[in-house]
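Number of protein chains: 2
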Amino acid sequence: MSSALKIGVAGLGTVGVGVIKVLTENAYTISARAGREIRVTAVSARDRSKARGVVLDGLTWYDNAMDLAADDNVDVVVELIGGSDGIAKNLVEAVLASSTHVVTANKALIAHHGLNLARSAEEAGASLAYEAAVAGGIPIIKALREGLAANTIQGVHGILNGTCNYILSSMTDSGRSFDAVLAEATDLGYAELDPSFDVDGIDAAHKLAILASVAFGTEVDFDSVYVEGIRHVSPVDIHFARELGYGIKLLGVAKRRKDGIEQRVHPCMVPVDAPINHVSGVFNGIVVDGDFVDATIYEGRGAGEGPTASAVIADIIDIARNSQVPTFGVATADLKPSRTVPMSDHVGPYYVRLTVIDKPGVFADVAACLKSNNVSMGSVLQHSRDPGEPVAVVLTLHETEERAMVMTLTEIEALELVVEPPVMIRIEEFH
Amino acid sequence: MSSALKIGVAGLGTVGVGVIKVLTENAYTISARAGREIRVTAVSARDRSKARGVVLDGLTWYDNAMDLAADDNVDVVVELIGGSDGIAKNLVEAVLASSTHVVTANKALIAHHGLNLARSAEEAGASLAYEAAVAGGIPIIKALREGLAANTIQGVHGILNGTCNYILSSMTDSGRSFDAVLAEATDLGYAELDPSFDVDGIDAAHKLAILASVAFGTEVDFDSVYVEGIRHVSPVDIHFARELGYGIKLLGVAKRRKDGIEQRVHPCMVPVDAPINHVSGVFNGIVVDGDFVDATIYEGRGAGEGPTASAVIADIIDIARNSQVPTFGVATADLKPSRTVPMSDHVGPYYVRLTVIDKPGVFADVAACLKSNNVSMGSVLQHSRDPGEPVAVVLTLHETEERAMVMTLTEIEALELVVEPPVMIRIEEFH
């Protein structure tokens with residue numbers, strides 16, 4: 047057996063502690079699989095005195111994480127500080143510059159700076175591994191970069207944020223509002239005190255940008271991801287969706303098109319019997335469409351101490367075995383520039399809910415807006431009729447270009463008898 | 047870019063042709079991911095004149111597959127002949143003996159001779175790769191050996207045979223009999239003319255033995271797998287299962303216990319809302335329980351030209367990248383002897399259907415049999431009552447040792463008013 051692989055851990059929050067715990071508890075199995083011992087030799091965190099439930103005796107302690115980059119007794123630095131810039135970025139750059147391997151769970155860092163960091167890793171002959179950055183314990187990066195490597199990937203879509211999926215699942219089960227369920231999720235620790243990164247879709251967008259790059263062999267391009275969160279999803283829309291045979295999920299969708307790739311995160315109506323609709327609570331789920339393998343589906347916990355540590359250590363074991371795969375699946379020189387199709391070019395079916403005064407003529411006015419934009423209607427739902435009062439009218443629209451849909455909704459909103467801004471949710475008819 | 051990796055393909059059936067097709071169509075992407083060109087240089091099959099829809103010009107043709115082992119212009123032999131012994135085994139042994147890598151889709155070969163072949167591969171410093179042998183296009187071997195390598199695996203269960211899953215799904219949807227659906231499956235090409243390998247559970251057992259070895263780090267031990275097929279599953283049991291909140295699936299289950307491992311393939315009742323119950327038709331699905339990652343789930347096509355070729359080529363790309371993982375995840379010297387718990391020691395809930403003459407006293411007799419074996423009843427279902435006529439009585443039984451269950455059923459079968467052998471189906475309460 048070769049000499050031990052020496053690990054430096056930057057950041058001793060939940061995941062950092064988890065990594066040390068798993069490496070200790072499963073030491074025998076892990077070293078058998080890695081072909082050598084994996085030993086944490088150094089750690090860095092802000093507060094040395096904090097009780098963490100793991101033994102740190104004998105490890106080199108650095109108050110400043112940057113010192114890990116200069117430690118000759120470290121073969122791999124695990125970056126668990128977080129954030130797309132600042133110390134996390136400086137550390138990873140310095141570590142790669144010293145030809146030391148990096149394992150990170152930092153989705154923001156990879157989504158924003160992945161291409162440059164991948165170039166640095168390549169020049170240094172070091173690994174830049176980030177399985178833990180996407181979908182926690184699900185080995186999806188490995189599946190895409192290696193397991194499905196024979197395929198031209200046509201698309202990837204999935205539930206990439208457990209907080210949003212918990213909230214939407216809970217709203218669906220209980221009929222409660224977004225605000226009520228968010229408050230509960232915060233109490234349960236499923237949502238951060240500032241939940242905007244999650245519920246506004248940013249976190250899912252980071253992960254989607256990374257998945258798209260690996261899937262399509264394109265330069266990671268977070269800035270082009272269309273992002274819409276779940277704050278505007280209401281119980282009434284969940285109710286109507288169910289009536290139409292759909293569930294509502296926050297999805298990240300990346301699709302290959304002739305004119306580029308679509309990258310978008312937004313609430314979607316998906317058929318109730320689609321596999322992705324069965325992924326509930328804090329679980330993540332990802333569907334990959336390959337040209338020869340067809341659809342393969344991956345589900346598991348997207349966050350938490352154990353699952354994230356599991357992914358971090360899988361990356362470490364790969365390094366221990368000298369198994370090195372290019373950061374985004376191919377050499378950076380082979381990555382194609384990302385050509386993201388603008389959201390206005392998206393084509394798909396739509397759900398629209400209008401609040402109208404139920405007077406004669408209102409429907410003719412709405413129909414005229416649809417017609418003038420060449421938008422074709424699939425179905426209409428209208429339940430109670432209380433003449434003269436506001437009433438919900440639900441439309442589904444056949445495949446339409448987003449551009450035409452937006453214009454239609456602007457025109458509809460301007461109608462006198464339409465009393466609230468229309469609600470629009472995209473439909474994905476996954477087979 | 048390094049020099050091309052040269053491939054010899056033994057067997058030009060569906061999968062062999064698929065491998066050549068995918069390597070041709072996705073040549074650019076595959077070589078970018080592999081870091082070098084992958085080029086088929088030699089092939090072997092029985093009938094040279096057969097039209098196969100792929101161009102074989104310029105390739106060395108061998109009538110005898112064994113000649114591939116001696117071809118210096120081949121770096122990797124892809125064995126697609128099939129069968130646990132005979133030419134497939136001889137070829138793989140000869141190839142490994144010449145320190146050439148092997149990629150195979152042959153589950154029978156690995157299930158029966160995996161340990162010895164792994165030792166040969168290890169001595170030769172060659173890869174023996176078999177992703178395509180288990181669950182077709184789903185990269186489950188990679189997930190277990192690498193993606194989840196930080197975990198002690200507690201259990202693996204799954205739908206490992208698409209033919210059986212198609213038959214059971216179709217019986218569930220249509221209410222038709224096993225024989226009727228099998229005939230249809232044969233017409234559609236989903237079942238072989240001799241379907242026994244599939245419907246009697248052997249194929250699933252091959253795959254389960256391989257999964258268990260990789261999951262638990264034990265010597266592959268096909269002979270100890272308990273195997274029961276689906277021929278005795280009837281529409282009436284599917285109907286009662288549904289009434290009790292279960293679906294019926296042919297599962298392979300491998301579980302770690304204190305006293306060894308369980309390895310069993312048999313029809314199971316699973317909760318209708320369990321993820322595995324949503325895997326329908328010819329799809330495969332596998333659930334892996336790791337101590338830190340918790341449950342992760344994998345679904346996809348388990349067979350067919352494209353999916354199987356996808357898995358074969360993923361293995362080839364790993365070899366092209368010099369990424370070498372021990373055959374069963376750890377060095378053969380580290381594999382533990384398999385201690386398979388006998389089926390009589392299995393503990394779980396059970397479904398039992400009795401056909402009894404509905405006369406006073408019959409139920410007291412049945413209850414006495416349960417009591418004398420200390421078997422505790424969960425529920426009873428009995429629909430129509432036509433005194434003096436045979437009627438179905440369905441029992442569910444709480445956690446019971448299989449040994450006690452078998453004795454109970456023997457006693458029940460001997461009762462005068464019980465007119466048919468009892469039907470027993472095991473229940474798995476997957477969370």
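Sequence order for the protein chains is R and P.
47 is the number of the first residue of the first sequence in this note's numbering; add one for each residue after it.
47 is the number of the first residue of the second sequence in this note's numbering; add one for each residue after it.
The beta carbon of each residue, even a glycine, is placed where N, CA and C say it ideally should be.
Since the model is a prediction, treat every value here as computed from it, not as a measurement.
Which word fits residue i, buried or exposed, when buried means at least 16 other C-beta atoms lie within 10 angstroms of its C-beta?
i, result
"VAL198(P)", "Here the sequence assigns Thr to residue 198(P), which means Val is not the residue at that position. Buried, since its Cβ has 16 or more Cβ neighbours within 10 Å."
"LYS188(R)", "buried"
"VAL318(R)", "exposed"
"ARG92(R)", "exposed"
"HIS429(R)", "exposed"
"ARG367(R)", "buried"
"GLU169(R)", "exposed"
"VAL149(P)", "buried"
"ARG385(P)", "exposed"
"ALA116(R)", "exposed"
"ALA460(R)", "exposed"
"ASN323(R)", "buried"
"VAL89(P)", "buried"
"HIS278(P)", "exposed"
"ASP283(R)", "buried"
"LYS253(R)", "buried"
"VAL124(R)", "buried"
"ASP249(R)", "buried"
"GLY59(R)", "exposed"
Excluding the 5 residues preceding and the 5 following residue i in the sequence, name in chain order all residues of the same chain whose CB lies nearer than 6 Å to its CB.
i, result
"GLY348(R)", "ALA181, GLY182, GLY208, ASN330"
"GLU448(R)", "MET389, SER390, HIS392"
"SER422(R)", "HIS444"
"ASP246(P)", "GLY275"
"VAL398(R)", "LEU441, PRO468, MET470"
"VAL63(P)", "ARG98, VAL100"
"CYS314(R)", "LYS295, LEU297, ARG472, GLU474"
If contacts are defined as beta-carbon pairs under 8 Å, then residue i and residue j qualify, I think. What distance do you get, rounded to the angstrom?
i, j, result
"VAL387(R)", "ASP305(R)", "6 Å"
"GLY434(R)", "VAL333(R)", "No, GLY434(R) and VAL333(R) are not in contact; Cβ-Cβ is about 46 Å, not under 8 Å."
"ARG82(P)", "LEU51(P)", "6 Å"
"TYR272(R)", "GLN309(R)", "7 Å"
"ASN420(P)", "ALA450(P)", "6 Å"
"GLY375(R)", "ARG191(R)", "4 Å"
"ILE294(P)", "ALA287(P)", "5 Å"
"LYS499(P)", "GLY291(P)", "Any answer about residue 499(P) is impossible in this case: the structure gives chain P only from 47 up to 477."
"VAL202(R)", "ALA251(R)", "About 13 Å separates the two Cβ atoms, so there is no contact after all."
Taking 8 Å as the limit between beta carbons, can you name the residues of its chain near residue i, skipping five residues before and five after?
i, result
"ALA360(P)", "GLU177, PRO185, LYS188"
"ILE127(R)", "ALA56, GLY57, ALA111, ILE133, ALA134, LEU137, ASN152"
"VAL61(R)", "LEU126, ALA151, ALA178, GLU351, THR354, ALA355, VAL358"
"ALA377(R)", "GLU168"
"PRO281(R)", "MET217, GLY221, ARG222, SER223"
In chain order, what residues of the same chain have a beta carbon less than 7 Å from the beta carbon of residue i, not counting five sequence neighbours either side?
i, result
"VAL86(P)", "ILE53, VAL55, ILE66, LEU69, LEU105"
"ALA73(R)", "none"
"GLY327(R)", "ASN211, TYR212, SER215"
"GLU475(R)", "PRO317, PRO395"
"ALA237(P)", "THR209, LEU228, ALA231, ASP244"
"HIS158(R)", "SER130, PHE268"
Anything in chain A within Cβ reach of residue i, meaning under 7 Å, just list it in chain order.
i, result
"GLY208(R)", "No chain A is present in this structure, whose protein chains are R and P."
Looking at chain R, which residues of the region 306-333 of chain P have a Cβ within less than 7 Å of any of its Cβ atoms?
PRO321, HIS324
Report the start-end ranges of each beta strand (DSSP E) in the region 134-185 of chain P that is 3 residues or longer and not cut off at the edges.
147-150
Contiguous beta strand (DSSP E) assignments of at least 3 residues, all confined to the region 300-346 of chain P
306-317, 329-336
Unbroken stretches of the beta strand (DSSP E), 3 residues or longer, contained in the region 191-247 of chain R:
The region 191-247 of chain R is shown to contain whole beta strand (DSSP E) runs of 3 or more residues at 199-205, in chain order.
At 4 residues or longer, what runs of the alpha helix (DSSP H) sit wholly inside the region 436-461 of chain R?
The qualifying runs are 448-459.
For the region 369-387 of chain P, enumerate the residues whose C-beta is nearer than 8 Å to any C-beta of chain R, in chain order.
SER369, GLN370, VAL371, PRO372, GLY375, VAL376, ALA377, ASP380
Beta carbons nearer than 7 Å to chain R: which residues of the region 164-193 of chain P have them?
GLY183, ILE184, PRO185, LYS188, ALA189, GLU192, GLY193
With 7 Å as the C-beta to C-beta threshold (strictly closer), list the residues of the region 340-364 of chain P near chain R in chain order.
ASP340, ALA341, THR342, ILE343, TYR344, GLU345, GLY346, ARG347, GLY352, PRO353, ALA355, SER356, ILE359, ALA360, ILE363, ASP364
Please list the segments of the alpha helix (DSSP H) lying wholly inside the region 76-119 of chain P, counting only runs of 4 or more residues, in order along the chain.
none
At a Cβ cut of 8 Å, what residues of the region 72-87 of chain R count as close to chain P, listed as they run along the chain?
ASN72, THR75, ILE76, ALA78, ARG79, ALA80, GLY81
Listed in chain order, which residues of the region 195-206 of chain P have Cβ atoms closer than 8 Å to some Cβ of chain R?
ALA195, ALA196, ASN197, THR198
Restricting to runs no shorter than 3 residues, where is the beta strand (DSSP E) found entirely within the region 341-381 of chain P?
The region 341-381 of chain P contains no whole beta strand (DSSP E) run of 3 or more residues.
Could you list the residues in the region 278-289 of chain P with a C-beta less than 7 Å from some C-beta on chain R, going in chain order?
none
Inside the region 48-75 of chain P only - beta strand (DSSP E) runs reaching at least 3 residues:
51-56
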